[in-house]
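A.B. asks: As numbered in my numbering, the sequence shown has no gaps in its residue numbers, which increase by one up to the final residue, 101.
Note that CB positions come from ideal geometry on N, CA and C, so glycine has one too.
This structure is a prediction, so every number in the text was calculated from the model and none was measured.
Before anything else, here's the structure in question.
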Amino acid sequence: MSHLIDRFIEKLIKESTPDAPIWNIESIKQGKKPHWNYIDGCMMTSLMSLYDVTQDEKYIDFVKSFIDYYVFEDGSLRGYDVSTYNLDDICESRVLFDLYRLTGLRKYDLAIEKTYEHIK
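Written out as structure tokens, the structure reads:
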């Protein structure tokens, strides 16, 4: 059974990009631009959990690559619209803590601070 799960996750990783994550197909079908969102956040958190359990670098590599598309050096987030007051979208910010802990990159810390400013 686990080999089927592994193959499924491999397919998700292989066929997904920040522009078109296959787990968020409704956004693609609706023609929405990529943005910081709840669904991607759940997936990134799940992949980080897989990394924690397996220590397989493919998970952290994918998460970092995916998140790096959205996080600019100054900590601002592509497609994150604070004016919507959508707290669900903050879900994706949870993974920033893991990435900062693992990489020490300042941009993740800055993004955490910017997200915090929104919910404060």
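DSSP puts residue 83 in a beta bridge; with which residues?
C.D. replies: The count along the sequence shown starts at 1 and reaches residue 83 at position 102. Paired residue(s): none; residue 83 is not in a bridge.
A.B. asks: Leaving out five residues before and five after residue 77 in sequence, what residues of the same chain have Cβ atoms less than 6 Å from its Cβ?
C.D. replies: Taking the first residue of the sequence shown as 1, we reach residue 77 at position 96. Closer than 6 Å at the Cβ level, and outside the excluded window around residue 77, lie 89, 92, 93.
A.B. asks: Tell me, please, which residues DSSP counts as bridged to residue 52.
C.D. replies: In the sequence shown, the residue the question calls residue 52 occupies position 71. Residue 52 pairs with 58.
A.B. asks: With distance defined between alpha-carbon atoms, name the residue in 43, 14, 13, 19 nearest to residue 80.
C.D. replies: The sequence position of residue 80 within the sequence shown is 99, counting from 1. Nearest C-alpha to residue 80: 43.
A.B. asks: Which same chain residues, not among the five before or five after residue -3, have their C-beta less than 6 Å away from its C-beta?
C.D. replies: In the sequence shown, counting from the first residue as 1, residue -3 sits at position 16. The residues are 3.
A.B. asks: Whose CA, out of 12, 8, 31, 32, lies closest to the CA of residue 21?
C.D. replies: Taking the first residue of the sequence shown as 1, we reach residue 21 at position 40. Answer by Cα proximity: 8.
A.B. asks: Since residue 26 is in the alpha helix (DSSP H), which residue starts that stretch and which ends it?
C.D. replies: Within the sequence shown, the letter at position 45 stands for residue 26. Segment 19 to 35, the alpha helix (DSSP H) holding residue 26.
A.B. asks: Return the residue from the list 62, 84, 86, 27 that minimises the CA-CA distance to residue 103.
C.D. replies: The requested residue 103 does not occur in the structure, where the chain is confined to residues -18 to 101.
A.B. asks: Along the chain, where does the alpha helix (DSSP H) containing residue 7 start, and where does it finish?
C.D. replies: Along the sequence shown, read from residue 1 onward, the residue named residue 7 stands at position 26. Residues 6 to 10.
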